[in-house]
Structure formats: structure tokens, C-alpha cells
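There are 2 protein chains.
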Amino acid sequence: MKRIHLNGFKIAGVGHTAIGLWRHPDNQAWRYKTLEYWIETAKTLEAGKFDSLFMADFSGIADVYGGNADAAFREAIHLPLNDPMLAISAMAAATSHLGFGLTVATTYEQPYSFARRMTTLDHLTNGRIGWNIVTSAVGSAARNLGYDHQVPHDERYAMADEFMDVVYKLWEGSWQDDAVVMDRERNVFIEPRKVHALQHEGKYYRVLDAFMCEPSPQRTPALFQAGASDKGKAFAARHAEAVFLVNPNVPGLRRTVDEIRQLTAQAGRDPRAVKIMAGISVIVAPTDKEAQEKAADQMRFISLTGTLARQASLMQLDFSKMDLDRPLEYIETDGIRSAMERFTRNDPERTWTPRQVAETMSRSAGGITIIGSPATVADQMEELLERADLDGFNINDHMPLRTLPDFVELVVPELQQRGRVWRAYEGSTLRESITGQPGPRLDARHYGAGFRKP
Amino acid sequence: MKRIHLNGFKIAGVGHTAIGLWRHPDNQAWRYKTLEYWIETAKTLEAGKFDSLFMADFSGIADVYGGNADAAFREAIHLPLNDPMLAISAMAAATSHLGFGLTVATTYEQPYSFARRMTTLDHLTNGRIGWNIVTSAVGSAARNLGYDHQVPHDERYAMADEFMDVVYKLWEGSWQDDAVVMDRERNVFIEPRKVHALQHEGKYYRVLDAFMCEPSPQRTPALFQAGASDKGKAFAARHAEAVFLVNPNVPGLRRTVDEIRQLTAQAGRDPRAVKIMAGISVIVAPTDKEAQEKAADQMRFISLTGTLARQASLMQLDFSKMDLDRPLEYIETDGIRSAMERFTRNDPERTWTPRQVAETMSRSAGGITIIGSPATVADQMEELLERADLDGFNINDHMPLRTLPDFVELVVPELQQRGRVWRAYEGSTLRESITGQPGPRLDARHYGAGFRKP
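Order-wise, the sequence lines are chains A and B.
Here the first sequence is numbered in our numbering, starting from 1 and rising by one per residue.
Here the second sequence is numbered in our numbering, starting from 455 and rising by one per residue.
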């Protein structure tokens with residue numbers, strides 16, 4: 001029986017996928033500012049034997065809709081938004097096995113400082129850190145982070161390719177395993193000849209010296225990837241150990257899964273080495289009827305305008321200037337083809353209007369929405385797993401401090417009984433949870449392992 | 455009776471000030487990689503009613519001595535070095551009043567991302583974050599963080615001036631206090647007209663949009679400054695709420711204190727509004743004799759070569775190429791005048807050789823070293839406070855998990871009995887602890903308060 005990998009999916013802010021749901025009287029998303037909120041969330045996920053808490057992030061403001069940020073502020077679309085990295089050590093201190101996946105865009109980082117932050121977290125968590133590698137299509141990020149214009153999609157991926165080489169050199173190549181000797185007699189803490197300067201001078205990055213950090217348990221964090229564009233899939237095939245997909249259309253989802261497995265094999269890796277997780281939302285109650293009532297009670301708060309404004313930012317298309325009832329043709333915009341494809345190409349027999357897109361999205365609390373009793377939810381998760389050839393799920397935390405505890409209390413025991421969710425963590429690092437293989441380090445056949453020193 | 459402000463002084467690594475001391479059999483600095491180490495340290499400081507844990511940091515490798523990094527690796531000089539920001543939330547969860555000061559160089563940060571990180575920490579700690587503003591003279595940083603050459607000292611301060619304006623706009627000016635309304639009826643989480651875009655286009659930084667984070671308890675973190683160059687002192691007079699000085703020469707220390715108070719008054723602020731802390735090391739035991747024995751047991755591990763190599767990096771002068779016994783003339787190097795001044799100008803009647811500098815430094819565990827019984831240590835701290843007109847101390851943690859517990863167990867009760875250390879925190883934020891004034895926000899007369907929206 002194939003194990004189902006579970007991950008919680010959140011942002012360090014209020015409105016994530018189910019825009020408008022903050023108005024539900026029981027919604028506690030506004031407590032994102034407190035440590036108690038994060039510690040409670042982490043403990044819940046560990047009780048449910050989740051692989052990780054997977055943190056989304058956005059580098060800029062959703063200001064495409066109407067050409068300004070008013071809707072984003074009013075409807076709390078990815079706003080307010082704190083940095084997701086900073087609550088991790090508090091959550092790590094309250095847990096022992098739960099991993100933490102962080103979304104960070106390469107485009108706006110210095111690889112040297114970024115690598116140091118990830119290594120520090122990997123040390124402090126004892127090897128429980130993952131990185132969701134993105135390049136960020138948000139125009140607002142460019143306007144606030146030092147670029148005159150948004151970096152074009154293909155160039156962002158060229159930058160990301162070089163960025164990856166630099167961080168592999170830092171994480172895998174700079175310090176040998178036995179560099180730290182702590183030899184008191186000889187007064188040698190670190191053996192200088194076992195630490196290597198990078199001397200990296202590329203097109204986008206220049207890093208000459210050795211890394212400042214000693215190797216952490218995983219060295220390279222567990223690598224996630226979430227882009228489903230052609231460049232994104234090729235990038236995933238080379239780098240990702242887990243891929244996160246959001247697609248409400250199951251045949252479309254399956255097509256992307258197949259492509260990624262094929263590309264992974266072409267890249268010389270085991271096509272099953274990449275674990276594929278789909279984004280879902282779950283509304284569960286003891287009976288199907290109660291679950292449907294609970295769903296109705298929640299979904300009535302989802303805002304159509306807010307959903308449109310969020311999609312406008314994700315697709316970088318201003319829906320406020322478009323006829324909402326005119327079918328969308330295939331639209332080639334910079335880097336967001338894949339988002340559009342979900343609606344226009346995955347189901348070739350139908351075309352979609354912007355209103356239909358928004359209505360479909362607003363009937364979901366994020367990704368494919370599953371509503372029902374524990375048995376119904378487990379059935380549907382199993383069916384989805386098989387139909388789309390998935391390895392697991394990222395479960396959207398649409399009602400913080402309620403959605404995930406409900407899932408852990410009601411669905412996890414059902415899935416455990418079916419042999420689908422493990423009863424105890426088998427490894428101690430996030431990489432071991434994700435890959436199911438022993439050992440905290442990158443597989444020897446992984447591209448990043450090529451940067452190791454003999 | 456003037457209260458003495460206490461702060462712990464550390465790096466997120468092994469060798470900080472007392473190079474070589476890692477060889478002491480009881481030295482636990484190597485445990486810096488674990489959360490337990492940080493949580494234990496924070497609990498100790500809070501038990502001693504310290505204002506803060508003050509974290510030093512270095513953006514690059516100490517590779518001046520001998521023209522390479524061998525000594526830095528061998529003797530663990532600021533190496534290995536993790537990012538100090540990432541253990542804070544774990545420490546904050548284990549404490550309730552202790553503040554956390556972070557050294558971050560403006561030169562290598564994007565102000566928008568940096569401001570977001572600090573605001574996030576200020577939220578999660580409930581207003582307990584401070585920032586030690588530096589510009590970083592370490593050449594290695596430039597070579598790894600995107601610059602072709604080290605940015606010259608005066609230009610670094612010009613960049614820092616603009617950087618400060620940008621972060622004040624983000625922290626003080628972008629979101630009004632009442633921007634977050636959470637009005638469920640009107641579907642308004644944030645009132646758009648109460649959030650202001652920066653439209654900042656300066657010489658070094660371009661930040662056009664509004665901030666992504668809602669205001670944190672302190673908004674601007676408590677501001678520390680540590681540079682004692684002329685530019686540094688002027689910068690402190692404008693921005694700093696606390697200044698941290700290291701000078702083994704007490705009359706020299708006093709001279710710098712007087713200058714800073716005078717410049718602060720000239721900047722239109724209360725000259726006492728800037729709290730001045732000096733770096734000290736304390737070795738305490740129940741009796742003077744035991745303390746002297748303990749000091750001898752520790753100081754024998756301090757390495758002369760390691761101390762020279764560390765000074766070489768701090769001063770950016772390669773002592774390995776100099777005659778160790780030829781007196782140093784006044785040496786004008788970029789931005790490190792002040793470090794040299796400690797030895798060449800503070801005591802105008804003597805000149806110093808590199809060997810004398812290193813020997814003096816190696817007789818200290820960091821800053822002015824005080825050795826004795828609790829009463830002796832308290833006497834000397836009080837005397838130093840008066841002679842140099844200080845407000846408090848940064849106490850170097852030269853023997854981690856031993857130095858600070860000893861101080862808290864033996865010296866703090868003595869100082870409390872003398873009315874010099876408070877028995878309970880009076881405010882809840884770091885700013886309140888540092889300034890002694892009620893209220894978590896910047897004083898209305900502070901330069902940064904000028905960026906507030908009416």
C-alpha cells in the first residue's frame with residue numbers, strides 16, 4: 001500500500017487561497033503574528049505525522065487587478081504578509097520530526113546570504129528544512145527589490161540555474177565532511193585544506209570565498225519546486241525532490257505528473273525519486289451531511305471579486321479591464337502560461353471565461369476541495385492519488401487552527417487504518433520523510449551531488 | 455541610583471573575542487548549532503533581568519592576516535558562523551521580556567526584505583527586537599555579496615543614510631495605526647487609503663510600493679549602533695537609541711562617550727536619550743582568589759596568533775607582513791581608523807607595536823576584563839560606569855553556558871542589592887527596557903519619527 005505524504009500549506013499572513021474567508025467568525029488567521037499560533041499549528045501537524053509545514057510566500061503585492069493594490073489590501077489578498085522563515089525555530093523547539101518547507105524566490109536573493117540562512121535553519125532544526133524554489137512572477141517584487149523591470153521569465157530561470165550551482169557549491173562542495181576537527185592539541189578547529197573557496201564568477205553571481213557555515217545535517221535542504229511551465233518542469237526534473245502542483249482539473253493534473261516523471265527519467269534520475277504533491281482543501285465532519293453543512297457555512301464567505309483579484313495577480317492579467325463573459329483564448333503572458341493552461345487547455349473541449357475561472361476558484365478553499373465524513377475524504381484522497389499518480393498532498397489551511405486539527409483528528413486515523421499514513425516517523429530529517437530513503441543527504445545521482453568534493 | 459543596563463554579547467558561532475578559548479575543556483561554544491544552547495542562554499539572561507541578548511555578526515571571512523583565510527579557519531575566528539536571526543523565535547518562546555539585538559550591515563541588504571524580516575520578528579517577539587546598524591568593513595563580504603570591490607567607508611555611510619530613510623518610511627510611514635480594520639460587514643480587512651506607497655527613488659535604493667507587513671509593537675526596532683569613527687558617531691547621534699563601544703582604555707572610552715552625548719544634543723535630542731554600553735568580560739567566583747585562579751585557567755588558552763589574525767581583519771591590516779615590534783604610526787585605512795585609535799591615540803603618551811596590541815587583546819576575554827568576587831566585580835562595574843559616564847554593559851559570553859550563568863548567579867544579586875539592576879522588567883518591549891521610558895514607539899523627537907504620517 002503506497003503511503004500518502006501529508007503537508008500543511010500556509011502563508012505567514014491572513015488571506016491565502018480562500019479569499020474572503022477571514023470574515024468567518026471562527027477564522028483565526030489574524031493571529032498569524034503570534035508565536036502561539038505557529039507553535040500550535042506545528043504541534044497539530046506533528047500529531048498527524050505530516051512530512052512538513054509547507055510555507056508559501058509572495059515577494060510583492062497583488063496589484064494587477066484594477067492597476068492598483070486596493071483590492072489586495074481590502075480583501076487581505078496575501079496581505080499582510082510576514083516573512084515565513086522566522087517562526088521556524090520556535091516551531092522546531094516544540095516538535096521533533098515535522099519538517100518546514102520555505103518558498104523563496106531566487107531572483108531577489110544573494111545566494112551567499114540565503115545559503116547561510118538555510119544552513120542555519122537546518123542546523124537548528126536538526127535537518128528538517130526544505131526549500132520550495134521559485135523565481136517569482138510578481139511585478140511588485142521587482143519594483144521594491146532593486147530591479148527596474150520585472151526580469152523576464154526565461155531569464156529568471158537562467159538566473160535560477162546559476163543560483164542553484166552557487167548554492168550547491170556552498171552546501172555540498174565548500175566544506176568536506178571532516179573539515180571540523182576540533183583538535184585542541186594542534187589548535188585547529190577547522191582544517192583549512194578541507195574547506196574550499198568557490199571562485200564562482202558567473203553571469204549573474206560572483207561568490208569567491210568559502211562558505212561560512214559548517215555542514216548541516218542535510219547540507220542541501222530538501223528541494224521542492226512548484227512551477228508547472230515548461231521551464232519549471234525541466235527545472236524540477238533536474239533539481240526537485242518533491243513537486244507541488246495545483247490544478248483543479250484531474251486529467252490535467254495527471255498530464256503534468258506524467259510529464260514530470262518522464263523528464264525526471266530523461267535527466268537520469270529514478271522517475272519515482274520526485275514525490276508529487278497536489279494542493280487540496282478538506283472540509284471534514286463526522287458525517288457527510290455535517291461536512292456539507294460545514295462547507296456551506298464556510299464557502300459563503302468566499303469573495304468573488306477577491307478571488308478575481310488574486311487570480312489577476314497570479315496570472316498577471318488585469319481582469320478588471322476584460323469582458324468577464326468572453327471566453328479566454330490562449331493567452332501568452334510572461335511566465336504565467338501554466339496558470340492559464342489549467343483553465344484553457346487542460347480540458348480541450350471547453351473554453352473558459354474570466355467569470356467562470358473566478359467562480360470555479362471561489363468554490364474551492366484552495367486546490368481540489370474534498371468535503372465529507374472521514375471515510376468519504378479518505379476514499380476521495382485515495383482515488384485522487386491513483387487517478388493523478390500522486391505521492392501526497394499539500395492541505396490548505398483555509399480556517400487556521402480549525403481545518404488542520406479537524407483533519408488530524410478525523411481523517412488521519414482513518415488513513416492510518418488503511419495503511420496510508422505512517423504511525424511514526426521513520427527518519428529524523430525532512431529529506432528522509434519526503435524520499436522514504438534512509439540518510440539525510442542528497443541522492444548520489446542528484447545533480448547537486450555532482451558538486452561534492454571527492 | 456543609576457540603573458545599570460545589562461546585555462549579553464555573542465555571535466552565532468564559535469570564536470568571537472577570546473580566540474583560542476574554544477580549547478578549554480569546559481567550553482561549549484561548539485554547541486551553537488543547537489536550539490537547546492540558545493534557549494538555555496536566553497533563559498539565563500532573562501533570569502538576570504538583562505535588557506537583551508546582543509548578537510554580533512560578520513558578513514565575511516577574516517582573511518586579511520597572511521592574505522588568506524587559513525588562520526580564521528584554524529583558530530575558529532568568527533568561523534563557523536551561522537545567521538544570528540534564526541534562533542530568535544525559539545528564544546522568544548522560552549522567555550517573556552528579554553530583548554534580542556541583531557547586528558545587520560545595511561551595505562548588503564535590500565531594505566524592503568530586511569524591513570520585513572525585522573517587522574516579522576518584532577511581531578513574533580511582541581516588540582523585543584533591536585537592530586545594531588553597521589556598514590561592515592569586511593572585504594570578504596563584498597567579494598561574496600555582489601560587489602566588485604569593497605564599498606569605501608564614506609560611501610557605505612551614504613548608503614546607510616538612504617537605507618535608514620527607506621526603512622523608516624516602511625516602518626513608520628507606510629501603514630497608519632488604524633489601517634487594519636477587520637470590518638467583516640464591509641469586507642475590508644485593511645483600509646487602502648490608510649496604507650501609503652513609498653515612491654522612493656534614491657541614489658542607491660528604489661522602493662515604490664507600500665510595505666507588506668502591518669505595524670509591529672515597536673514599528674522601528676530599538677536602534678543600536680557600534681561604530682566609533684567620525685561618520686559612525688554622527689550616525690549614532692541621529693539614529694541610535696543605544697551605542698555599544700569597545701575600548702580597553704577608560705579615558706579614551708570616556709572621550710568617545712562625551713563626543714556622542716555632545717553630537718546627540720547637537721542633533722536636537724536629549725543627550726541622555728542615547729544609552730551607552732561598553733563591552734566587558736567578567737570572570738567571577740565566590741572569592742577574589744578563586745576568581746583569579748579561574749581567570750588564569752581560562753586565559754592560558756587565548757591564542758596570540760589568533761588574536762593578531764582577528765585584529766588584522768577588524769583593522770583590515772595584514773600584521774603578518776609588518777614588523778611586530780615597530781611602533782604603529784597613525785595609520786589611515788579605510789574606515790578602521792577608530793579601531794586603531796584605541797591603541798595609538800587614546801593614550802597619547804605611548805605608541806604601540808602590533809605585538810603589544812595583540813598581547814593587550816589576548817589578556818582580555820573581550821573588552822575590559824573584570825576579575826573578582828561578586829563585590830569586587832560590582833565595585834569595578836560601578837566605578838567604570840561613573841568614570842566613563844556609561845549606562846550599561848555588553849557582557850561578552852567568552853565561555854558559553856558558563857560565563858553568563860556565573861554572572862547571573864553571583865553578580866546580579868549583588869548589583870540588585872545595590873539598586874543597580876532592576877528586580878523586574880518595567881516595560882514589555884526592548885525599547886522600554888533600553889530607554890527607561892514608557893511606550894514601545896520611537897520618541898517623537900527622534901529622526902525616524904519624522905517619517906510618520908499625520
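Don't be surprised by glycine CBs; every beta carbon is placed ideally from N, CA and C.
Values in this document were obtained by computation on a predicted structure and should not be read as measured data.
DSSP-derived helix/strand/coil call for residue i
i	result
residue 875/B	coil
residue 107/A	helix
residue 361/A	helix
residue 748/B	helix
residue 352/A	coil
residue 88/A	helix
residue 552/B	coil
residue 853/B	coil
residue 509/B	strand
residue 428/A	coil
residue 635/B	strand
residue 278/A	strand
residue 16/A	coil
residue 201/A	strand
residue 451/A	helix
residue 408/A	helix
residue 475/A	Given a span of 1 to 454 for chain A in the structure shown, any question on residue 475/A remains unanswerable.
residue 756/B	coil
residue 535/B	strand
residue 319/A	helix
residue 393/A	strand
residue 269/A	coil
Host beta strand (DSSP E) of residue i (start-end)
i	result
residue 262/A	Careful: residue 262/A lies outside any beta strand (DSSP E), inside the alpha helix (DSSP H) at 250-266.
residue 822/B	822-826
residue 697/B	696-699
residue 225/A	222-225
residue 492/B	Looking at the DSSP string, residue 492/B is not in any beta strand (DSSP E); the run it does join, the alpha helix (DSSP H), is 489-501.
residue 643/B	642-644
Span separating the alpha-carbon of residue i from that of residue j
i	j	result
residue 434/A	residue 228/A	20 Å
residue 679/B	residue 696/B	7 Å
residue 654/B	residue 634/B	23 Å
residue 877/B	residue 729/B	20 Å
residue 827/B	residue 530/B	31 Å
residue 497/B	residue 885/B	19 Å
residue 80/A	residue 519/B	47 Å
residue 113/A	residue 466/B	14 Å
residue 517/B	residue 701/B	23 Å
residue 59/A	residue 536/B	24 Å
residue 781/B	residue 766/B	16 Å
residue 281/A	residue 604/B	50 Å
residue 298/A	residue 284/A	12 Å
Residue i, enclosing alpha helix (DSSP H) - first and last residue
i	result
residue 27/A	No alpha helix (DSSP H) contains residue 27/A, which DSSP labels as neither H nor E.
residue 239/A	230-239
residue 607/B	607-622
residue 9/A	First-last for residue 9/A: 5-10, but that is the beta strand (DSSP E), not the alpha helix (DSSP H).
residue 580/B	Counting along the chain, residue 580/B falls outside any alpha helix (DSSP H), and DSSP gives it neither H nor E.
residue 527/B	524-528
residue 136/A	Looking at the DSSP string, residue 136/A is not in any alpha helix (DSSP H), and its letter there is neither H nor E.
Same chain only: Cβ atoms within 7 Å of residue i, ignoring 5 sequence neighbours per side
i	result
residue 183/A	none
Under 7 Å between C-beta atoms of residue i and residue j
i	j	result
residue 408/A	residue 47/A	yes
residue 621/B	residue 565/B	yes
residue 52/A	residue 540/B	no
residue 627/B	residue 847/B	no
residue 557/B	residue 511/B	yes
residue 74/A	residue 642/B	yes
residue 613/B	residue 658/B	yes
Residues near residue i by beta carbon distance below 8 Å, same chain, minus five either side
i	result
residue 787/B	Below a pLDDT of 50, predicted positions are generally treated as unreliable, and residue 787/B, at 46, falls in that range; no measurement from the model is reported.
residue 792/B	With a pLDDT of 48 at residue 792/B, under the threshold of 50, the modelled position of that residue is not reliable, and the figure given next carries that caveat. Counting only Cβ-Cβ distances below 8 Å, and skipping sequence neighbours, we find 681, 682, 683 and 686.
residue 161/A	235
Neighbourhood of residue i by C-beta distance below 6 Å, restricted to the same chain and skipping five residues each side
i	result
residue 669/B	629
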